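S.K.:
Numbering (the UniProt record's numbering), first residue to last: 1 to 406.
#1: Using a Cβ-Cβ cutoff of less than 6 angstroms, which residues in the same chain neighbour residue 268 once the five nearest sequence positions on both sides are dropped?
#2: Residue 254 and residue 307 look like a contact to me (Cβ under 8 angstroms); what is the Cβ gap, rounded to whole Å?
#3: Consult DSSP for residue 135 and reduce its assignment to one of helix, strand or coil.
#4: Using 7 angstroms as the cut-off, classify the Cβ of residue 114 as near or not near the heavy atoms of the ligand COA, replying yes or no.
#5: Quick one: Cα of residue 355 to Cα of residue 84, how far?
#6: Could you tell me whether the stretch 146–153 touches the stretch 24–35, using the rule of 3 or more Cβ pairs below 8 angstroms?
#7: Expressed to the nearest angstrom, what Euclidean distance is found between the alpha-carbon atoms of residue 18 and residue 192?
#8: Starting from residue 31, trace the alpha helix (DSSP H) in both directions and tell me its first and last residue.
#9: Would you check if the distance between the CB atom of residue 65 and the CB atom of residue 73 is smaller than 8 angstroms?
#10: From what residue to what residue does the alpha helix (DSSP H) around residue 286 run?
#11: Which value, in whole angstroms, describes the spacing of the CA atoms of residue 350 and residue 363?
#12: Assign residue 247 to one of three DSSP states: helix, strand, or coil.
#13: Helix, strand or coil, according to DSSP, for residue 101 in the structure here?
#14: Measuring straight from C-alpha to C-alpha, what distance separates residue 332 and residue 275?
#15: Between residue 326 and the rest of its own chain, which residues show a CB-CB distance below 6 angstroms, the 5 nearest in sequence each way excluded?
#16: Using only the alpha-carbon positions, how far apart do residue 246 and residue 282 sit?
#17: Looking at C-alpha atoms only, which residue of 24, 379, 170 is the closest neighbour of residue 40?
#18: Is the number of C-beta pairs between the stretch 369–378 and the stretch 226–246 that are closer than 8 angstroms three or more?
#19: Below 8 angstroms, how does it come out for the stretch 52–68 and the stretch 183–191: are there three or more Cβ pairs, yes or no?
#20: Is it a yes or a no for the stretch 101–108 touching the stretch 150–159, going by three-plus beta-carbon pairs under 8 angstroms?
#21: Give a yes or no on contact between the stretch 288–295 and the stretch 378–387, applying the rule of three or more CB pairs nearer than 8 angstroms.
#22: Should residue 161 be labelled buried (16 or more other beta-carbon atoms within 10 Å of its own) or exposed?
#23: Excluding the 5 residues preceding and the 5 following residue 95 in the sequence, name in chain order all residues of the same chain whose CB lies nearer than 6 angstroms to its CB.
#24: What residue from 241, 118, 293 has the CA that sits closest to residue 339's CA?
#25: So what does DSSP say about residue 390, is it helix, strand or coil?
#26: Check whether the Cβ atoms of residue 343 and residue 79 sit closer than 8 angstroms, and answer yes or no.
#27: Use the C-beta contact count for residue 370: other C-beta atoms within 10 angstroms, 16 or more gives buried, fewer gives exposed.
#28: Residue 168 lies in the alpha helix (DSSP H); which residues open and close that run?
#29: Grab me the residues of residue 209's own chain with a C-beta within less than 6 angstroms of its C-beta, minus the 5 sequence neighbours each way, in chain order.
#30: So, are the CB atoms of residue 258 and residue 271 less than 8 angstroms apart?
#31: Alpha carbon to alpha carbon, what distance is there between residue 358 and residue 12?
#32: How far does the alpha helix (DSSP H) with residue 324 in it extend, from its first residue to its last?
#33: Closest by CA to residue 21, which one among 53, 278, 87?
#34: In terms of alpha-carbon separation, which member of 121, 92, 279, 304 lies closest to residue 139?
#35: Mapping the DSSP letters down to three states, classify residue 191 as helix, strand or coil.
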């Protein structure tokens, strides 16, 4: 008798809504928290804001180091329980942060939040969807990034209001409560993973695993590409307004152009979910890596008049690359061992993302607006790395998830 996996019985839309909402809470209460709370935390603790951002960088390193182990656990057991545990870790970290009165507790709190980030952000969510849907997970991966792409849009105003009306400590406690009341039940509502023998076999466009060298080479290329993309994304995000002003934009123009990054990311993800979904995700990734260099050229040629063009291209590239972190390894290697591979591929990008704001900030101090050319060259190098990736058409027709011999 044919069995219908839990994910299909419930429907992908319900799963995307649940996991996307849980991811929004996870991102808003961790990665995006210092943008609003760094100043009041530092002021209350008598520290420089650099300490708070440094603690976030440490948390990113911890999350990256946990990635391969977390991915392997999801490959083995599925992601529902692990994502639920991540909510409890986030709660512990946020509550500890809310009672911090010195550097030691601040660092301990962000260490816990780093563990939660390693267990509960995109890589873990992508691996969970791969265990539910196999090679058919591309649309659901795109779906959760569409929803969670609003994490800063929704999270920053809420955090700002809580911190201004009450205190930053209350803001952390409210986010902890939201994890318990909203994100935890949503993660627990996810279906169990599809048994491995029901996973879809690699389809057309997959790399044929005839030997370890080909897979290792492809993983190295992907790791470099995502590390380069993370360096550019994290670095430019930290210096964007200052950089645009250095190119001649007024503060108001810089603010308006920067506000277009979020909508550009969402628009690019909608494009990926629609027209680009007909093509191999390798094409999407290659196009995305060219957007930042094209934007830099436009900004240099047109000056402040094309500042918005630059930010739209930069944001669109970021939006597609976020999706490619899940869809590209899935398309190239298949769902078996997906979580471990994504964890290994993502580790360098966590490190470069943590180091990028400081690195590009120093570049701006020494070479000014020429730092943007550095970011463009990094993106171009990642594009050439993707050109080295080759896919072959699989010999077998893809088996749909849940399809069994009756």
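The beta carbon of each residue, even a glycine, is placed where N, CA and C say it ideally should be. This structure is a prediction, so every number in the text was calculated from the model and none was measured.
M.R.: In brief:
#1: The residue you call residue 268 lines up with position 268 of the chain shown. Answer for residue 268: 316, 319, 320, listed in chain order.
#2: Position 254 of the chain shown, counted from the first residue, corresponds to residue 254. Position 307 of the chain shown, counted from the first residue, corresponds to residue 307. Sure, about 7 angstroms apart at Cβ, within 8 angstroms.
#3: In the chain shown, the residue the question calls residue 135 occupies position 135. In the three-state DSSP reduction, residue 135 falls in the helix class (H, G or I).
#4: With respect to small molecules bound, the structure shown includes none, and the ligand COA cannot be examined in it.
#5: Position 355 of the chain shown, counting from 1, holds the residue named residue 355. Position 84 of the chain shown, counting from 1, holds the residue named residue 84. Our two residues, residue 355 and residue 84, have alpha carbons roughly 29 angstroms apart in a direct line.
#6: Taking 8 angstroms as the limit for Cβ pairs, the verdict is that the stretch 24–35 does touch the stretch 146–153.
#7: In the chain shown, residue 18 corresponds to position 18, counting from 1. In the chain shown, residue 192 corresponds to position 192, counting from 1. Their Cα atoms are separated by approximately 14 angstroms.
#8: As a position in the chain shown, residue 31 is number 31, starting the count at 1. Premise fails: residue 31 is in no alpha helix (DSSP H) and is neither H nor E.
#9: Within the chain shown, residue 65 is the residue found at index 65, counting from 1. Within the chain shown, residue 73 is the residue found at index 73, counting from 1. No, the Cβ-Cβ distance between residue 65 and residue 73 is not below 8 angstroms.
#10: Taking the first residue of the chain shown as 1, we reach residue 286 at position 286. Here the alpha helix (DSSP H) through residue 286 covers 281–302.
#11: The residue labelled residue 350 in the question sits at position 350 within the chain shown. The residue labelled residue 363 in the question sits at position 363 within the chain shown. So the two alpha carbons sit approximately 20 angstroms from each other.
#12: Translated into the one-based positions of the chain shown, residue 247 becomes position 247. Three-state result, residue 247: coil.
#13: Taking the first residue of the chain shown as position 1, residue 101 is located at position 101. Three-state DSSP puts residue 101 in coil, outside helix and strand.
#14: Residue numbering aside, residue 332 sits at position 332 when the chain shown is read from its first letter. Residue numbering aside, residue 275 sits at position 275 when the chain shown is read from its first letter. So the two alpha carbons sit approximately 20 angstroms from each other.
#15: On the chain shown, residue 326 is found 326 positions in, with the first residue counted as 1. Cβ within range, chain order: 126, 141.
#16: Residue 246 sits at position 246 when you count from the first residue of the chain shown. Residue 282 sits at position 282 when you count from the first residue of the chain shown. Answer to the nearest angstrom: the Cα atoms are 34 angstroms apart.
#17: Numbered from 1 along the chain shown, position 40 holds the residue referred to as residue 40. Closest by alpha carbon: 170.
#18: A contact exists between the stretch 369–378 and the stretch 226–246.
#19: Segments in contact, no.
#20: The count of Cβ pairs closer than 8 angstroms, one atom from the stretch 101–108 and one from the stretch 150–159, stays below three, leaving the stretches out of contact.
#21: Because the criterion of three Cβ pairs below 8 angstroms is met, the stretch 288–295 and the stretch 378–387 touch.
#22: Your numbering for residue 161 matches position 161 in the chain shown. Answer is exposed; the Cβ neighbour count stays below 16.
#23: Position 95 of the chain shown, counting from 1, holds the residue named residue 95. Hits under 6 angstroms: 176.
#24: For the purposes of this step, residue 339 is taken as the residue at position 339 of the chain shown. Minimum Cα distance to residue 339 is reached at 118.
#25: The residue given as residue 390 occupies position 390 in the chain shown. In the structure shown, residue 390 falls within a coil segment according to DSSP collapsed to helix, strand and coil.
#26: By 1-based counting over the chain shown, the position of residue 343 is 343. By 1-based counting over the chain shown, the position of residue 79 is 79. Not closer than 8 angstroms, so no.
#27: Numbered from its first residue, the chain shown carries residue 370 at position 370. Under this definition residue 370 is an exposed residue.
#28: Residue 168 sits at position 168 when you count from the first residue of the chain shown. That run of the alpha helix (DSSP H) goes 168–178.
#29: If you number the chain shown from 1, residue 209 lands on position 209. Model confidence at residue 209 stands at a pLDDT of 43, short of 50, so the residue's coordinates are unreliable; what they give is reported in the following sentence. Cβ contact annotation for residue 209 (same chain, cutoff 6 angstroms, sequence separation greater than five): 215, in chain order.
#30: Residue 258 sits at position 258 when you count from the first residue of the chain shown. Residue 271 sits at position 271 when you count from the first residue of the chain shown. Against a cut-off of 8 angstroms, the Cβ pair of residue 271 and residue 258 comes out as no contact.
#31: Within the chain shown, residue 12 is the residue found at index 12, counting from 1. Within the chain shown, residue 358 is the residue found at index 358, counting from 1. In this structure, the CA atom of residue 12 is about 40 angstroms from the CA atom of residue 358.
#32: For this step, residue 324 is matched to residue 324 along the chain shown. Per DSSP, the continuous alpha helix (DSSP H) segment holding residue 324 begins and ends at 307–333.
#33: Numbered from its first residue, the chain shown carries residue 21 at position 21. Looking at 53, 278, 87, the one whose alpha-carbon comes closest to that of residue 21 is 87.
#34: Translated into the one-based positions of the chain shown, residue 139 becomes position 139. Taking the Cα of residue 139 as reference, the smallest distance to any Cα among 121, 92, 279, 304 is reached at 279.
#35: To locate residue 191, count along the chain shown from 1; it is residue 191. Residue state, collapsed to three classes: coil.
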